[in-house]
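Heads up: the sequence shown runs through residues 8 to 216, numbered per this note's numbering. Glycine included, each C-beta is placed from N, C-alpha and C at the ideal position. What follows is a single structure, written as structure tokens, with notes after it.
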Amino acid sequence: MANLATWIRPKDKKWFRPFFAKDPDAHVFDARTGDVPMDQMDGLLLTGGSDIAPEFLRQEIVDPTLIDKDADPLRDHWEFEAISKSLARGLPILGICRGIQVLNVALGGTLKLDIPDHKLPDQKDYDIQQLRYDTTANHRFEKVNSSHHQAVDRVADGFTVEAWCATDDVIEQMRLRNYPFAVAVQYHPERGKIYDALFADFFARLNNR
């Protein structure tokens with residue numbers, strides 16, 4: 008049985024439930040509701056949520072009002088520590104939306120703190136955003152469901168960017184080089200069946216630990 012560490016908001020559980028159901032042997036440990044013994048985990052899932060609290064960012068914040076008022080330092084602390092412990096053990100990591108941002112910052116990168124035109128209503132509910140891909144990208148989707156107001160700016164050392172928004176080059180997908188499996192996406196693969204292959208890849212790595 009594989010153990011998966013994560014932190015999931017209550018409103019997001021409905022999206023992830025179908026993917027967890029496909030791997031009934033995986034035991035999901037949610038740090039939002041209980042203790043997660045990281046030394047017993049087989050993988051880490053970084054999900055969506057509020058902005059990273061200012062004290063965890065590695066950049067000057069000229070306008071503090073750009074950061075969500077509901078930033079959660081407790082979650083930030085847990086996720087940064089979980090990333091460190093997961094990397095030390097070579098665990099598979101999948102970052103989604105906020106997850107790509109947390110992973111990038113944890114490894115030394117910075118963020119674009121506000122991108123208003125990436126949080127329009129249609130972007131939240133439909134696969135409408137076209138991407139352009141690096142030739143080495145393992146997972147490719149013609150259009151994605153991407154809704155966010157922040158994004159990766161300076162890419163942390165060690166990452167290869169695999170996909171960008173076709174219209175403005177906002178980073179939408181990247182992977183950590185020379186590491187078994189650490190993939191992070193800005194879009195929301197939990198919201199559609201077209202992304203099954205990405206989750207299947209992640210869970211295969213999880214179960215083969």
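- Counting along the chain, the unbroken alpha helix (DSSP H) around Asn111 starts and ends at 105-113.
- For Ile90, the enclosing alpha helix (DSSP H) stretches over residues 80-96.
- Arg212 places its beta carbon less than 8 Å from that of Gly50.
- Leu94 is positioned such that its CB atom lies no closer than 8 Å to that of Gln108.
- In this structure, the beta-carbon distance from Phe209 to Arg184 does not fall below 8 Å.
- In terms of Cβ geometry, Gln157 and Ala170 do not form a close pair [threshold 8 Å].
- Nearest to Asp203 by alpha-carbon distance, out of Ala28, Arg16, Gly116, is Ala28.
- Of all C-beta pairs linking the segment 57-70 to the segment 79-95, three or more are shorter than 8 Å, placing the two stretches in contact.
- Here Glu179 carries a strand assignment [DSSP, helix/strand/coil].
- Straight-line spacing of the CA atoms in Ile74 and Cys172 works out to 23 Å.
- For Asn10, the three-state secondary structure derived from DSSP is strand.
- Beta bridge pairing from DSSP links Phe36 with Ala12.
- The beta carbon of Gln66 lies closer than 6 Å to those of Thr117 in the same chain, with the five residues before and after it left out.
- Pairing Trp22 with Glu62, the inter-Cα distance amounts to about 30 Å.
- Ranked by how close their Cα comes to the Cα of Pro196, the residues Ala9, Thr174, His146 have His146 in first place.
- Each residue's CA atom was taken as its position, placing Thr142 and Ile178 some 15 Å apart.
- Annotation: the segment 130-166 contains the following complete segments of the beta strand (DSSP E) (minimum length 3 residues), in chain order: 136-140.
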